[in-house]
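Beneath this line is the structure, given in structure tokens, with notes to follow.
In our numbering, the protein residues as written are 12 to 333.
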């Protein structure tokens, strides 16, 4: 493992010895006002050698619930390992976070430009720095995301199917759902997979929103994985998930047949049967009321919480095969 063969860790221009705690700076560019932007990287090392785990969030600047999960790991001291090293990067896309926007100021999605380039766009440069200056030092990665604008994701771990080691870690994490999904080209997960750096990608909640259930699921899952690796301090208790995680390898979106005012009537994570009413679409004048029904039985893993929808908008993400 990356932390067992040498006493010192040299990263982002700083040297961290066993037992030390350091806040490094992941700086790429100033604001347009020439104001420096400091992106803190919190590094905690035990005196005992062991794995190096990286916690990341804020790849999309509006996904604040992921940022909150990593913040709590730091604030509660969960990131102080019994052995090995824990690196926390709560906000990678600081430029989007400042403006509460998903993308970078140039409109690029950071999670679609990996592995990046030192001479490319701002997003590409950030991706390159992350891949070349941070990722080579780590053994495991947990990356925290949320759903898109107005769409609430059930807490879930996303991994590629038939990856035995990741499948075991995903079950240990203990989120209600494990969604098997292919790695998107030029995503952070895809690049880390190519570099043979195992990653658990957590999805939960929606953008510009902090939800206690999602936060608790993320924090408790991180604790379980750290405990499995022998890194969690003995002062922290590890809870057992209330239910076994549900494995999902196929799913599809239920889309709006009409435009109008929308209200969901089913709860996130619930199981529905084919033909069940999921919600309804109405008009502002009380003349129209269309009931949205399930095309198949399955679990609701995403709900659109927007009050207004247009024909073709995604309303529900439903598992189709377990």
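Every residue, glycine too, gets a C-beta built ideally from N, C-alpha and C.
Going by the CB atoms, is the gap between residue 36 and residue 50 shorter than 8 Å? The sequence position of residue 50 within the chain shown is 39, counting from 1. The sequence position of residue 36 within the chain shown is 25, counting from 1. Yes; because the gap between Cβ atoms is below 8 Å, this pair is in contact.
Mapping DSSP to helix, strand and coil, what is residue 14? If you number the chain shown from 1, residue 14 lands on position 3. Model confidence at residue 14 stands at a pLDDT of 46, short of 50, so the residue's coordinates are unreliable; what they give is reported in the following sentence. DSSP places residue 14 in coil when its eight states are reduced to three.
Collapsed DSSP secondary structure at residue 83 in the structure displayed: Stepping through the chain shown from its first residue, residue 83 is reached at position 72. Helix, per DSSP.
State the DSSP-derived secondary structure class of residue 203, mapped to helix, strand or coil. As a first step, residue 203 is located in the chain shown; it is residue number 192 there, counting from the start. DSSP places residue 203 in helix when its eight states are reduced to three.
Which residues mark the beginning and the end of the beta strand (DSSP E) in which residue 107 is found? Here residue 107 corresponds to residue number 96 of the chain shown, with the count starting at 1. From DSSP, residue 107 is part of no beta strand (DSSP E) but of the alpha helix (DSSP H) over 105–110.
Rounded straight-line distance, which links the Cα of residue 111 to that of residue 319: Walking along the chain shown from the start, residue 319 turns up at place 308. Walking along the chain shown from the start, residue 111 turns up at place 100. Cα to Cα, the separation comes out at about 22 Å.
Cutoff 6 Å; reference residue 177; Cβ partners in own chain excluding five residues on either side: The count along the chain shown starts at 1 and reaches residue 177 at position 166. These residues qualify, in order along the chain: 170, 209.
Do residue 144 and residue 20 have their CB atoms nearer than 8 Å? Residue 144 sits at position 133 when you count from the first residue of the chain shown. Residue 20 sits at position 9 when you count from the first residue of the chain shown. No, the Cβ-Cβ distance between residue 144 and residue 20 is not below 8 Å.
Inspect the beta-carbon positions of residue 88 and residue 57 and report whether they are closer than 8 Å. Taking the first residue of the chain shown as 1, we reach residue 88 at position 77. Taking the first residue of the chain shown as 1, we reach residue 57 at position 46. Against a cut-off of 8 Å, the Cβ pair of residue 57 and residue 88 comes out as no contact.
Does DSSP put residue 181 in a helix, a strand or coil? For the purposes of this step, residue 181 is taken as the residue at position 170 of the chain shown. Residue 181 falls in the helix class under three-state DSSP.
Quick check on residue 190: buried or exposed, where buried means 16 or more other Cβ atoms within 10 Å of its Cβ? For the purposes of this step, residue 190 is identified with residue 179 of the chain shown, where counting begins at 1. The residue in question, residue 190, is buried, as its Cβ has 16 or more Cβ neighbours within 10 Å.
Per DSSP, which residues does residue 328 bridge with? Please list them. Working through the chain shown from its first residue, we reach residue 328 at position 317. DSSP lists 264, 313 as partners of residue 328.
Does the segment 135–153 come close enough to the segment 194–211 to have 3 or more Cβ pairs within less than 8 Å? yes
What are the complete beta strand (DSSP E) segments, minimum 3 residues, inside the segment 206–230? 210–217
Boundaries of the beta strand (DSSP E) in which residue 289 is found, first to last residue: Position 278 of the chain shown, counted from the start, is the residue given in the question as residue 289. That run of the beta strand (DSSP E) goes 288–293.
Buried or exposed (CB count within 10 angstroms, at least 16 for buried), residue 310: In the chain shown, residue 310 corresponds to position 299, counting from 1. With 16 or more Cβ atoms within 10 Å of its Cβ, residue 310 is classed as buried.
Span of the beta strand (DSSP E), counted from its first residue to its last, around residue 156: Taking the first residue of the chain shown as position 1, residue 156 is located at position 145. First-last of the beta strand (DSSP E) with residue 156: 151–158.
Outcome for residue 9 when other beta-carbon atoms lying within 10 angstroms are tallied against a minimum of 16: Look at the range of the chain in this structure, 12 to 333, and you will see that residue 9 is not part of it.
Express the C-alpha separation of residue 200 and residue 167 in angstroms, rounding to a whole number. Position 156 of the chain shown, counted from the first residue, corresponds to residue 167. Position 189 of the chain shown, counted from the first residue, corresponds to residue 200. Answer to the nearest angstrom: the Cα atoms are 15 Å apart.
Across which residues does DSSP place residue 98 in a beta bridge pair? Taking the first residue of the chain shown as 1, we reach residue 98 at position 87. BP columns for residue 98 point to 54, 65.
Between residue 272 and residue 288, what straight-line distance do the alpha-carbon atoms span, to the nearest angstrom? Walking along the chain shown from the start, residue 272 turns up at place 261. Walking along the chain shown from the start, residue 288 turns up at place 277. Their Cα atoms are separated by approximately 16 Å.
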